[in-house]
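Chemist: Before anything else, here's the structure in question.
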Amino acid sequence: MTRARENASVKFATAVITGDTTMVAGKSYAVNTTSGAITMTLPSSADGGDYIQIIDYAATADTNAITIGRNSHKIQGATADLTVGTERAAFGLVYIDATQGWLLTEK
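Shown next as structure tokens:
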């Protein structure tokens, strides 16, 4: 049985993230890697339809990468962290299920 889940609005982070952070579903994170690489860790538990958004705040991910730590979940069906090294990257992740885990909503 497929269950639809209403996706509540995503709340944008009120502060710029400048250090390693464990994310919360339903939020958007502006990540500033000017001073060095940052790991943004996915929540330890996830439900189908959970959504997170990440934005390269200072256009420095090409120099200092943003790593998305999987926290025991799959990302794009793989058991590996996601490394983002594209300047001005902005993307969302939605949790689907234990088989695929978190999937990119934009590429």
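With numbering that gives the first Met the number 0 applied, the sequence shown corresponds to residues 0 to 106, in that order. Where a beta carbon is used, it is the ideal one built from N, C-alpha and C, also for glycine.
Helix, strand or coil: which one does DSSP assign to Met39?
Modeler: strand
Chemist: Quick one: what does DSSP say Lys73 is sitting in, helix, strand or coil?
Modeler: coil
Chemist: Check whether the Cβ atoms of Met39 and Gly18 sit closer than 8 Å, and answer yes or no.
Modeler: no
Chemist: Would you kindly work out how many angstroms separate the C-alpha atoms of Gln75 and Asp55, rounded to a whole number?
Modeler: 20 Å
Chemist: What are the boundary residues of the beta strand (DSSP E) that includes Ala58?
Modeler: First-last for Ala58: undefined, no H or E at that position.
Chemist: How about Ala57 and Thr33: do their beta carbons lie closer than 8 Å?
Modeler: Against a cut-off of 8 Å, the Cβ pair of Thr33 and Ala57 comes out as a contact.
Chemist: Rounded to a whole number of angstroms, what is the C-alpha to C-alpha distance between Ala14 and Val30?
Modeler: 9 Å
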